[in-house]
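Comments concern the structure below.
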Amino acid sequence: MLNKRRFVNEWLLSVMAWIAIVYFYALLTVFGFKGYFEQNPITEYMYSGFFHLEVVLTGVILGTLFTAVNRVTDFSVIRTKPFGLIIFIKSILYILSLVLCTIIIYQIFYRLHIVTQEDFQFFQDYLFNIRYMASILSYFFFFIFLINFISQINRKFGPGVLFDLLRGKYYHPRKEHLIFLFIDLKSSTAIAERLGHEKYSQFIRECVHELTPVLIKNEANVYQYVGDEVVLHWKTEEGLDQLKCLDTYFEFKRRLDERRLYFQNKYGLFPEFKAGMDTGEVTVTEIGDIKREIAFHGDVLNTASRLEKKCNEYERWLLVTENLIERFKGISSAIAYQFEFLNDIPLRGKHERLKFFAVNHP
Numbered sequence: 004m005l006n007k008r009r010f011v012n013e014w015l016l017s018v019m020a021w022i023a024i025v026y027f028y029a030l031l032t033v034f035g036f037k038g039y040f041e042q043n044p045i046t047e048y049m050y051s052g053f054f055h056l057e058v059v060l061t062g063v064i065l066g067t068l069f070t071a072v073n074r075v076t077d078f079s080v081i082r083t084k085p086f087g088l089i090i091f092i093k094s095i096l097y098i099l100s101l102v103l104c105t106i107i108i109y110q111i112f113y114r115l116h117i118v119t120q121e122d123f124q125f126f127q128d129y130l131f132n133i134r135y136m137a138s139i140l141s142y143f144f145f146f147i148f149l150i151n152f153i154s155q156i157n158r159k160f161g162p163g164v165l166f167d168l169l170r171g172k173y174y175h176p177r178k179e180h181l182i183f184l185f186i187d188l189k190s191s192t193a194i195a196e197r198l199g200h201e202k203y204s205q206f207i208r209e210c211v212h213e214l215t216p217v218l219i220k221n222e223a224n225v226y227q228y229v230g231d232e233v234v235l236h237w238k239t240e241e242g243l244d245q246l247k248c249l250d251t252y253f254e255f256k257r258r259l260d261e262r263r264l265y266f267q268n269k270y271g272l273f274p275e276f277k278a279g280m281d282t283g284e285v286t287v288t289e290i291g292d293i294k295r296e297i298a299f300h301g302d303v304l305n306t307a308s309r310l311e312k313k314c315n316e317y318e319r320w321l322l323v324t325e326n327l328i329e330r331f332k333g334i335s336s337a338i339a340y341q342f343e344f345l346n347d348i349p350l351r352g353k354h355e356r357l358k359f360f361a362v363n364h365p
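Mapping of the sequence shown onto this note's numbering: position 229 corresponds to residue 232, and the numbering continues sequentially without gaps.
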């Protein structure tokens with residue numbers, strides 16, 4: 004449900020952005036100088052309701068095509084390419100989308116007799132004027148590049164983080180209830196010594212590439228990549244929705260299993276990741292000036308990290324707190340998992356002990 008809502012929000016934002024971009028171009032080039040233009044089919048069209056229909060159609064079509072391009076590239080091999088190459092490829096796809104949009108709108112207007120062949124011939128003579136072409140292409144190419152660049156920067160920060168930084172949401176510390184999942188490579192030191200630093204870095208990068216589609220599907224937010232460890236988080240309600248917080252780990256594990264032969268043939272070994280998870284209240288705030296980011300502070304992170312490190316001791320893959328087990332109760336998706344009580348550990352600086360459980364997916 005949340006995935007669909009995020010997709011619809013992305014689509015609506017893209018549609019509204021393109022409607023605004025087209026109207027802004029018209030304001031710059033036509034509406035502000037309408038008293039200086041002689042009457043002709045173009046000015047009559049610009050001041051008619053059909054122009055506004057064209058703007059809305061352009062927004063809907065371009066918004067749809069741009070959203071489709073983003074979705075396709077997010078789930079294809081393109082996402083694994085260098086940052087600059089991704090911007091170039093997506094810019095080309097966006098330009099092709101703009102050409103396709105122009106063709107579609109012309110066909111709609113022509114078949115509905117909104118634009119006659121004579122009108123189109125007049126438009127063609129005007130539109131293919133070298134100065135007009137330079138103006139409109141420069142304008143739209145600039146915005147295509149700008150939208151693409153902002154999209155990639157937003158992706159680098161993490162979905163929504165750039166917007167939160169711009170509006171100062173966490174400029175003053177605030178409390179939120181979140182789920183944190185720490186995922187770490189098992190036997191990482193031995194693997195690094197065996198592969199060497201360069202090949203080990205490539206190995207980790209390929210593992211993270213396998214994780215990315217899972218993160219997008221389950222709407223996980225990346226807090227940090229630290230060496231061979233990935234720290235993820237959700238708002239508690241979102242992470243519990245259909246147990247996305249658990250699905251993320253086991254879907255990642257399944258994707259790696261499906262590529263077992265690939266990893267063994269290329270690296271001579273197979274990656275296995277252990278994980279720890281907890282939920283609770285954390286403090287969220289902006290930190291840094293030269294490199295600004297959103298930081299999280301609280302016992303939840305310490306507990307999830309400790310549980311991840313306990314996996315080797317108890318020979319389990321995923322450990323979660325009793326607090327999470329209580330939250331899983333009543334969620335229908337929980338029937339697909341098995342929960343096994345293991346032990347309790349003392350909390351740092353506190354008298355009570357923390358019970359934790361192993362999670363299995365038969």
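Glycine included, every Cβ here is placed at the ideal spot set by N, Cα and C.
K277 vs N315 beta-carbon contact at 9 Å: Looking up residue 277 in the sequence shown gives position 274. Looking up residue 315 in the sequence shown gives position 312. In this structure, N315 lies closer than 9 Å to K277 by Cβ.
For Y28: DSSP bridge partner residues: Sequence index remark: in the sequence shown, residue 28 carries index 25 (1-based). Answer by DSSP bridge pairing: none, since Y28 is not bridged.
N-terminal and C-terminal residue of the alpha helix (DSSP H) that D250 is part of: On the sequence shown, position 247 is the one that residue 250 refers to. Element bounds for D250: K247 to E261.
Length of the line joining the Cα atoms of V58 and E241: By 1-based counting over the sequence shown, the position of residue 58 is 55. By 1-based counting over the sequence shown, the position of residue 241 is 238. Rounded to the nearest angstrom, the two C-alpha atoms are 36 Å apart.
Option in V225, F86 and V75 with minimal Cα separation from Q155: Residue numbering aside, residue 155 sits at position 152 when the sequence shown is read from its first letter. Nearest of V225, F86 and V75 to Q155, Cα basis: F86.
In DSSP terms, what A361 is bridged to: Locating residue 361 in the sequence shown gives position 358, where the first residue counts as 1. BP columns for A361 point to L322 and E343.
Own chain partners of Y270 with C-beta closer than 6 Å, once the 5 adjacent residues on each side are dropped: If you number the sequence shown from 1, residue 270 lands on position 267. The residues are F206.
Contact between the region 96-114 and the region 64-83 (3+ Cβ pairs under 8 Å): yes
Cβ-based neighbour list, F148, same chain, cut-off 8 Å, excluding 5 preceding and 5 following: If you number the sequence shown from 1, residue 148 lands on position 145. Taken in chain order, the residues that qualify are I90 and S94.
For K172, the first and last residue of its enclosing beta strand (DSSP E): The residue you call residue 172 lines up with position 169 of the sequence shown. Segment: none, K172 is in no beta strand (DSSP E) and carries neither H nor E.
Reference M19; option with closest CA among L30, E275 and T67: Counted from its first residue, the sequence shown places residue 19 at position 16. The residue with the shortest Cα to Cα distance from M19 is T67.
Segments assigned beta strand (DSSP E), at least 3 residues, entirely inside the region 37-101: none
For I338, the nearest candidate out of L246, V234, L218 and S51 (CA to CA): Residue mapping note: residue 338 aligns to position 335 of the sequence shown, counting from 1. Of the listed residues, the one whose Cα sits closest to I338 is L246.
Any 3 or more C-beta pairs closer than 8 Å across the region 287-302 and the region 166-182: Yes, since at least three Cβ pairs between the region 287-302 and the region 166-182 fall closer than 8 Å, the two stretches touch.
DSSP-derived helix/strand/coil call for E213: Residue 213 sits at position 210 when you count from the first residue of the sequence shown. Looking at E213 - three-state DSSP - the assignment turns out to be helix.
Reduced DSSP category for L264 - H, G, I as helix; E, B as strand; rest coil: What you label residue 264 is simply residue 261 of the sequence shown in a count that begins at 1. For L264, the three-state secondary structure derived from DSSP is helix.
Opening and closing residue of the alpha helix (DSSP H) in which G242 lies: Mapped onto the sequence shown, residue 242 falls at position 239. It spans T239 to L243 - the alpha helix (DSSP H) in which G242 sits, taken as one unbroken run.
Three-state secondary structure assigned by DSSP to L5: Taking the first residue of the sequence shown as 1, we reach residue 5 at position 2. Caution is warranted here: a pLDDT of 46 is assigned to L5, below 50, making its placement in the model unreliable, and the coordinate value is therefore given only provisionally. Of the three classes helix, strand and coil, the one that applies to L5 here is helix, per DSSP.
Sequence-distant residues of its chain with Cβ nearer than 6 Å to E232 (five each side left out): Position 229 of the sequence shown, counted from the first residue, corresponds to residue 232. D187.
Distance cut-off 8 Å: E240 Cβ against heavy atoms of the ligand FAD: The model on display carries no ligand, and the ligand FAD is accordingly not part of it.
Close Cβ partners of Y142 (< 7 Å) along its chain, the five nearest in sequence each way excluded: Here residue 142 refers to the residue found at position 139 of the sequence shown. Only Y28 meet the Cβ criterion.
Paired residues, beta bridge with D281 - DSSP: Along the sequence shown, one-based indexing puts residue 281 at 278. In the DSSP output, where bridge partners are listed per residue, D281 has F183.
Where R134 falls: helix, strand or coil (DSSP): For the purposes of this step, residue 134 is taken as the residue at position 131 of the sequence shown. In the structure shown, R134 sits in a helix (DSSP, three-state: H, G or I).
Run of the alpha helix (DSSP H) containing E296, from where it starts to where it stops: As a first step, residue 296 is located in the sequence shown; it is residue number 293 there, counting from the start. Here E296 belongs to no alpha helix (DSSP H); instead the beta strand (DSSP E) covers E296 to H300.
Residue environment, M136, which counts as buried when at least 16 other CB atoms sit within 10 Å: Taking the sequence shown and counting its residues from 1, one reaches residue 136 at position 133. Classification of M136: exposed, given that the 10 Å Cβ count is below 16.
For L310: DSSP bridge partner residues: As a position in the sequence shown, residue 310 is number 307, starting the count at 1. In DSSP, L310 forms no bridge with anything.
Cβ-Cβ distance between R258 and V217 below 9 Å: Within the sequence shown, the letter at position 255 stands for residue 258. Within the sequence shown, the letter at position 214 stands for residue 217. The answer is yes: Cβ separation under 9 Å.
Beta-carbon proximity of T282 to F183, cut-off 9 Å: As a working note, residue 282 is residue 279 in the sequence shown. As a working note, residue 183 is residue 180 in the sequence shown. Yes, the Cβ-Cβ distance between T282 and F183 is below 9 Å.
Cβ pair A307, G333 closer than 9 Å: As a working mapping, residue 307 is identified with position 304 in the sequence shown. As a working mapping, residue 333 is identified with position 330 in the sequence shown. No, they are not a contact pair.
DSSP state of N315 mapped onto helix, strand, coil: Taking the first residue of the sequence shown as 1, we reach residue 315 at position 312. Looking at N315 - three-state DSSP - the assignment turns out to be helix.
Pick from E325, K84 and S336 that is closest to D347, judged by C-alpha positions: In the sequence shown, counting from the first residue as 1, residue 347 sits at position 344. Closest by alpha carbon: E325.
Span of the alpha helix (DSSP H), counted from its first residue to its last, around E196: In the sequence shown, residue 196 corresponds to position 193, counting from 1. First-last of the alpha helix (DSSP H) with E196: S191 to L198.
Within 9 Å, strictly: CB atoms of I3 and L165: An answer regarding residue 3 cannot be provided, because it is not within the stretch 4 to 365 covered by the chain.
Counted within 10 angstroms of its Cβ, other Cβ atoms place M4 as buried (16 or more) or exposed: Here residue 4 refers to the residue found at position 1 of the sequence shown. Note that M4 scores a pLDDT of 47, beneath 50, so its modelled location is shaky; the value from the coordinates is reported in the next line. The residue is exposed, with fewer than 16 neighbouring Cβ atoms inside 10 Å.
Under the three-state DSSP convention, the category E222 falls into: Locating residue 222 in the sequence shown gives position 219, where the first residue counts as 1. In the three-state DSSP reduction, E222 falls in the coil class, being neither helix nor strand.
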